[in-house]
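Please read the structure below before turning to the comments.
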Amino acid sequence: MDHKKCDFLVVGAGISGITTAYCLAEHDPSKQIILIDDGEICSGETGRTTAHLQIEYDDYYYVIEQMFGDEVARLVCRSNHEAVNFIENIIKKENIDCEFERLPGYLIPAKESHIKDVIDKELIASLKAGMDVELLGVESKRPKYPTNYPISHWLRFANQGQFHPLKYLCTLCQILTKKFQNVQIFTNSHVLDIHDDNKEDGTGEVYVVTSDGKRVDCKKMVLAT
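All letters in the sequence shown, in the order written, are residues 47 to 271 by the numbering used here.
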């Protein structure tokens with residue numbers, strides 16, 4: 047990579063960086079965009095994901111409700127809904143074959159005592175936040191989930207998602223370089239230094255220097271690492 051100039055520089059070629067580059071290219075094809083990563087595409091956390099696209103929240107809606115209130119819990123739920131829908135819409139629009147499907151998700155307690163500690167609280171908070179969730183018990187059909195301990199109740203969250211993230215993002219990168227003439231992708235280019243002297247009036251310099259001494263000048267930069 048030689049000395050480059052662009053309108054937008056996106057640092058990090060995981061799901062956040064690739065999605066950002068795609069949205070920028072879609073919004074204004076006249077802008078020059080560079081996506082850069084210190085490794086290969088999706089070689090970081092994105093490539094090791096469980097591939098769950100869940101609207102249910104890992105740290106529990108009842109915890110959010112306790113810490114920040116009902117409205118914030120509803121905003122988190124809506125945000126998660128829109129995020130999964132956003133990915134699904136890109137997949138349909140660009141005809142990406144990445145094994146995407148909608149399916150239910152389950153929250154199963156590690157032990158019976160967690161039913162009152164977690165399950166009951168999360169059921170109430172999830173419903174208030176806007177989740178499509180139901181409490182299931184031993185009398186209902188068990189999910190296909192390996193357990194070596196007896197459990198009596200668990201939660202089922204409808205309309206979650208899963209996909210193959212590498213198939214999705216590698217295809218999205220191909221779309222970026224073929225569909226859009228304004229996007230360049232550089233891998234194995236470690237950003238060593240960031241210089242930001244940008245002013246409110248748009249003057250000043252923003253650029254990065256890579257570990258091999260190359261420089262990329264930009265008007266705006268997104269750190270997606």
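For each residue, glycine too, the CB sits at the ideal point set by N, CA and C.
- The beta carbon of residue 99 sits closer than 7 Å to the beta carbons of 130, 133, 206, 207, 208 and 209 from its chain, once the five residues preceding and following it are set aside; these are given in chain order.
- Here the alpha carbon of residue 119 sits roughly 18 Å from the alpha carbon of residue 180.
- Going by DSSP, residue 150 is part of the beta strand (DSSP E) stretching over 147-153.
- Under the DSSP assignment, residue 52 falls in the beta strand (DSSP E) whose first and last residues are 50-57.
- For the pair residue 252 and residue 138, the Cα-to-Cα distance works out to about 36 Å.
- Here residue 227 has 75 as same chain residues with Cβ atoms under 8 Å from its own Cβ, once five neighbours each way along the sequence are excluded.
- The residues 53, in chain order, have a CB closer than 6 Å to that of residue 265 in the same chain once the five nearest residues on each side in sequence are set aside.
- The Cβ atoms of residue 270 and residue 89 do not sit closer than 7 Å to each other.
- Nearest neighbour of residue 142 by Cα position, chosen from 238, 204 and 216, turns out to be 216.
- Distance check between residue 95 and each of 260, 230 and 214 places 214 closest, using alpha-carbon atoms only.
- Assigned with DSSP and collapsed to three states, residue 180 falls in strand.
- According to DSSP, residue 213 shares a beta bridge with no other residue.
- By the beta-carbon neighbour count (other beta carbons within 10 angstroms, threshold 16), residue 84 is buried.
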